[in-house]
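Peer 1: Pasting a structure below so you can have a look.
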Amino acid sequence: MFEFIIIGAVGILFSVFGYLIMVKKKISLIHDYHLRGVKGH
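Residue numbers (my numbering): 5 to 45.
If you want it as structure tokens, here you go:
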């Protein structure tokens, strides 16, 4: 039972980290796009 709780906690941590990384990548992609757009014009 205790092992199950640890595995669950680790799974939640991993999903949270993955979500944060995804959001960060999306934000940096949007920044790059805006910078390119400004430089292009």
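For each residue, glycine too, the CB sits at the ideal point set by N, CA and C.
Note that this is a predicted model, so its numbers are computed, not measured.
1) Where Val-42 and Gly-15 are concerned, what is the direct C-alpha to C-alpha distance, given to the nearest angstrom?
2) Whole angstroms is fine: what's the gap from Ile-34's alpha carbon to Gly-12's?
3) Nearest-angstrom Cα distance between Lys-28 and Leu-17?
Peer 2: On the basis of the supplied data:
1) For the purposes of this step, residue 42 is taken as the residue at position 38 of the sequence shown. For the purposes of this step, residue 15 is taken as the residue at position 11 of the sequence shown. Roughly 41 Å between the two C-alpha positions.
2) The residue you call residue 34 lines up with position 30 of the sequence shown. The residue you call residue 12 lines up with position 8 of the sequence shown. Computed Cα separation, rounded: 33 Å.
3) Stepping through the sequence shown from its first residue, residue 28 is reached at position 24. Stepping through the sequence shown from its first residue, residue 17 is reached at position 13. The alpha-carbon atoms of Lys-28 and Leu-17 are separated by roughly 16 Å.
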